[in-house]
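Report on one structure; see the data block that follows.
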Amino acid sequence: MLLVVLVIGVEEVIVVAAVEVVEVVVQVVVVVVVEVVVVVVVEVVLVVVVVVVVVVVVDVVLVEVVVVVVVVAVVVVVVVVVVVVVVVVVVVVVLVVVVVVVVVVVVVVVVAIVVVVVVVVVVVVEVVD
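Numbering (the numbering used here), first residue to last: 228 to 356.
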């Protein structure tokens, strides 16, 4: 009976750990998406502001405006790519840490079950003798 209770306990611990992993993954993905969207929106707004300032204030010809827009767009793409790469690396590191924690918890629970089973067997053997 005790072994059945222990096995049910282990299953509950594994289910809870899995739910925690899913919650963390969802939170990380939401944060990543929000950060990337914010960065892209901010960069696009900056490009528009730069183009408007160049056209209105400096009053340059169309070719120079196109050159400025292309340069700013390249900078925007590079910045967004760098941000996305950094965010993906952070997500991978967080997921690795979460998986390691879940594995450690499961190993600790299994070791605890083995210890309890050994103690129960020793007690039963002592009582029988």
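Here a beta-carbon is modelled for each residue, glycine too, at the ideal position from N, C-alpha and C.
Minimum C-alpha distance to Val306 - residue among Val334, Val268 and Glu291: For Val306, the nearest C-alpha among the options comes from Val268.
Below 8 Å CB to CB, which residues in the same chain sit around Val263 once its five sequence neighbours on both sides are set aside? These residues qualify, in order along the chain: Val307, Val310, Val311 and Val314.
Given the structure, does Val274 come close to the ligand ZN, in the sense that its CB is under 6 Å from one of the ligand's heavy atoms? You won't find the ligand ZN in this model; it holds no ligand whatsoever.
How big is the Cα-Cα spacing for Val323 and Glu250? So the alpha carbons of these two residues sit roughly 14 Å apart.
Please identify the residue among Val320, Val296 and Val343 whose C-alpha is closest to the C-alpha of Val278. Of the candidates Val320, Val296 and Val343, the one whose C-alpha sits nearest the C-alpha of Val278 is Val296.
Please return the same chain residues whose Cβ sits closer than 7 Å to the Cβ of Val318, not counting the five positions on each side in sequence. Within the same chain, Val318 has close Cβ partners Val255 and Val259.
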